[in-house]
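Contents: one structure, followed by commentary.
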């Protein structure tokens, strides 16, 4: 599953779907996830997500999005 945006809502959805067993990738345009939060919080959350198997792609732009089943 692709999550576009890593604000509070995006990371919450990523965490929930991951706990249900879904492979999750979070795409963020900015250089770090949860950009509105403190940089240390962002780094720790990214570390925890990567350790648990959630893929993080920062600096990512989407030009075309295709839904596949």
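Numbering (my numbering), first residue to last: 2 to 70. Backbone N, C-alpha and C fix where the C-beta goes; we use that ideal spot for every residue, glycine too.
| Residue environment, residue 21, which counts as buried when at least 16 other CB atoms sit within 10 Å | Translated into the one-based positions of the chain shown, residue 21 becomes position 20. Exposed, since its Cβ has fewer than 16 Cβ neighbours within 10 Å.
| Just checking, does the segment 33-43 make contact with the segment 61-70 on the three C-beta pairs under 8 Å criterion? | no
| field | residue 47 to residue 65 span [Cα, whole Å] | value | Residue numbering aside, residue 47 sits at position 46 when the chain shown is read from its first letter. Residue numbering aside, residue 65 sits at position 64 when the chain shown is read from its first letter. Going by the C-alpha atoms only, they are around 25 Å apart.
| Rounded straight-line distance, which links the Cα of residue 59 to that of residue 44 | Taking the chain shown and counting its residues from 1, the one referred to as residue 44 is at position 43. Taking the chain shown and counting its residues from 1, the one referred to as residue 59 is at position 58. Each residue's alpha carbon lies about 12 Å from the other.
| query | Which term fits residue 40, buried or exposed, when burial requires 16 or more other beta carbons within 10 angstroms of its beta carbon? | reply | Translated into the one-based positions of the chain shown, residue 40 becomes position 39. Per the 10 Å Cβ criterion, exposed.
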